[in-house]
Structures are given as structure tokens and as C-alpha cells.
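Here's the structure we're looking at; comments come further down.
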Amino acid sequence: MTSFRPTPTAAVLGLCIALGPAIAGFFIYNGIVEAKLGDRYVTAKGLVERIEKADRGTLEITFKVTGNDLNTLYKKISADGAIVKTFILKQGFVESEISQSAPRVTDLHAREWGSGALPPERYLIEYTLSVNSQKVDGLNSLSAKTGELLSQGISISNSFTNFYLDRFNELRPELIAAATQNALEVAKSFAKTTGSKIGGIRKASQGVIQLTSPDASPNQSYDEGISSLMKKIRVVSTLEFYIK
Numbered sequence: 014m015t016s017f018r019p020t021p022t023a024a025v026l027g028l029c030i031a032l033g034p035a036i037a038g039f040f041i042y043n044g045i046v047e048a049k050l051g052d053r054y055v056t057a058k059g060l061v062e063r064i065e066k067a068d069r070g071t072l073e074i075t076f077k078v079t080g081n082d083l084n085t086l087y088k089k090i091s092a093d094g095a096i097v098k099t100f101i102l103k104q105g106f107v108e109s110e111i112s113q114s115a116p117r118v119t120d121l122h123a124r125e126w127g128s129g130a131l132p133p134e135r136y137l138i139e140y141t142l143s144v145n146s147q148k149v150d151g152l153n154s155l156s157a158k159t160g161e162l163l164s165q166g167i168s169i170s171n172s173f174t175n176f177y178l179d180r181f182n183e184l185r186p187e188l189i190a191a192a193t194q195n196a197l198e199v200a201k202s203f204a205k206t207t208g209s210k211i212g213g214i215r216k217a218s219q220g221v222i223q224l225t226s227p228d229a230s231p232n233q234s235y236d237e238g239i240s241s242l243m244k245k246i247r248v249v250s251t252l253e254f255y256i257k
């Protein structure tokens, strides 16, 4: 397939269109067109990028205690769990949004590899409390405040927040339609430039749908933006049109 560059008769077109208020959200459009004149068809790519806010999130807080007496450690980890749970509830969450894991016990003296002196404390117990909620702003705020637990004697070993776009499937048809329309406009612009006319669709492909963080570049497909409250949805539709 031949790729056309800007000349009096052919062009590689980039198109930026801002949608009106009929479609909510912020869109960025551009398009690329290629033509194969021997077979009389043009390939046009339509791109839509839209920024959306997550509608659900999860937060996991893992904390730990170490020592040599398991009974004492179980009492300590249970007390710490109550402190963390109270802290979460005070941030506006409810019992049904909170879950907990079973304590995980590691015997630091029962290692099968390594050398040198054993650690002074034999046992490590870790405990995780999780929050699953649609209060995404509250989760974002809670995530930033977990450090306050240190002042209450809680030893946090890990804390992370993930955000999800559960309504993605509801947005998908609208985004695909917008990207398809963009591809059509790109093809029409090419036809006008070359003195041709667009015929029927020869082939259509939805192409790639990506969900990333807002600042991710197009080549960062590995970045799902899982930790980002705001999501960028990127949809590319590829259509082939007959030209005459």
C-alpha cells in the first residue's frame, strides 16, 4: 500500500475536530489516510481520545508486627486492625465496603537459604484491610492519609489504590461510533483533495481500544492507568472505502 505525502494530488491527512456539547467529555481527534489507487480504495484511520473519571476503586492497607511470642503478636495485630478499621470508617466509609484477610505468619528463623546471623525477632505477622467503594474521591483522599496511621503505632508494609471504569462498556459504542465518523471525515477530505469520490465501505476494523492514565503516550500500551483516578480511553477505527 502506498503512503501519500503532501503533494498537489495526494496527502497524508491529520484532522483535529472538537465535538460540540452533544457528546459529553473531552475528545481529541486525528486521522490518517492511505490510498491504493490501483485497487481504487482508501484506508482511513479515525482516532478518539476521551478523559473519564473512574467510578470505583479499591484500597489495600497491609500492616505488620514482629516479635517472638505468637500469642502476644496476635493480640497486637488484632488491636492494630481495629485501629486501622476505625480510621477507615472515620473517612466516610461503611462496614460493607471493608474486608479483611487472614493474618499471614512468617517464621523468619525457618529459612532454607542464606547465611549469617538470624534476625532477633522470629515471627512476622502481616494483616490486610481492603476497601472496595464507588466513593472514588474518598478513596483518593484516604490513600493520601494512610501515613497518619504511623503516629498511632501502625507499621504499614504496603498500601496501594486501584481505580476502575466499570461503565466502560456503556461508553464503548459511543466512542467507536465517533472514531468511525472521524475516519469517514478523513476519507472525505482525502477524496476532495484528490478530486475523487468516496464509495461504499470495503472493509472495517475496530482496531485498538486502550485504557491508560491521562498522561500516557500512544506507545505506552502497557500502562493501563490502574492507579490513576482519571482515565484516558483511546479508540482507533480503521475503515477502507472504495474511491471513484
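Residue numbering for the sequence shown follows the working numbering, starting at 14 and increasing by one per position.
Virtual Cβ for every residue (Gly too), placed ideally from N, Cα, C.
All of these numbers come straight from a predicted model, not from anything done at the bench.
Judged by DSSP in its simplified three-state form, Gln194 adopts helix.
DSSP places Thr225 in the uninterrupted beta strand (DSSP E) bounded by 222-225. Approximately 20 Å separates the beta-carbon atoms of Arg63 and Leu252; this is outside 8 Å, ruling out the contact.
The beta-carbon distance between Ile167 and Ile90, rounded to whole angstroms, is 10 Å. This is too long to meet the 8 Å contact definition. In the displayed model, Gly213 falls within a strand according to three-state DSSP.
In the structure shown, Asp120 adopts extended strand secondary structure according to DSSP, grouped into three states.
Contact between the segment 139-155 and the segment 187-205 is absent: fewer than three C-beta pairs spanning the two stretches fall below 8 Å. With a contact defined as Cβ atoms closer than 8 Å, Val61 and Ala191 qualify at about 5 Å. At the C-beta level, Ser241 and Gly59 stay beyond 9 Å of one another. Residue state for Leu131 is assigned as coil, using DSSP reduced to three classes. Non-local C-beta neighbours of Asn153 in its own chain, meaning closer than 6 Å and more than five positions away in sequence, comprise Leu242, ordered along the chain.
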